[in-house]
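Notes follow once the structure below has been shown.
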Amino acid sequence: MADEEKKKKQGQINIELDEKIAEGTYSNLAIINHSVSEFVVDFVSIMPGTPKSKVKSRIILTPQHAKRLLKALGDNVHRFEQAHGEIKDYEQPPIPLNFGPTGQA
0 MADEEKKKKQ GQINIELDEK IAEGTYSNLA IINHSVSEFV VDFVSIMPGT PKSKVKSRII
60 LTPQHAKRLL KALGDNVHRF EQAHGEIKDY EQPPIPLNFG PTGQA
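Start counting the sequence shown at 0; every next residue gets the next number (numbering that gives the first Met the number 0).
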């Protein structure tokens, strides 16, 4: 194997994606909490007419990874809007949740 090919293979990460995860999970609300050492993002699916909603997925990130995710999302939203036009942000009434200091996305 050529040295150049070896270098390329050394920089690659082999990531496995099983069928259940590959299907994805729908979310129309993200609740974000943080401490000094981690960011917790809870993805929720709120459906009309249902009195209770559940957290469908929870992702825990280091502050450094949260910042990388912020940049990656910003870059991708920018590219999306360049290709498809501006994403309209519609005002929604606040959802009362008492989990401490939060941000919503």
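No residue lacks a Cβ here, since even glycine has one placed at the ideal position from N, Cα and C.
**OP:** Please check the pair Thr24 and Ser52, which I expect to be a contact at CB under 8 Å, by giving their CB distance rounded to whole angstroms.
**Re:** Thr24 to Ser52, Cβ: 13 Å. No contact.
Original post:
What are the residues that DSSP puts in a beta bridge with Gly56?
Top reply: Rather than Gly, the amino acid found at residue 56 in this sequence is Ser. Looking at the DSSP assignment, Ser56 forms a beta bridge with Phe42.
Subject >> Whole-angstrom C-beta distance between Ile59 and Val39, which should lie under 8 Å >> reply: 5 Å
**OP:** Kindly identify the DSSP beta-bridge partner or partners of Leu28.
**Re:** Val43
**OP:** Enumerate in chain order the residues of its own chain whose CB-to-CB distance from Ile86 is below 8 Å, with the five nearest sequence positions on each side excluded.
**Re:** Val76, Phe79 and Glu80
Original post:
So, is Asn97 buried or exposed, given that buried needs 16 or more other C-beta atoms within 10 angstroms?
Top reply: Residue placement at Asn97 is poorly supported in this model, since its pLDDT is 49, which falls under 50; the coordinates still yield a value, given next. Counting Cβ neighbours within 10 Å, Asn97 comes out exposed, since fewer than 16 surround it.
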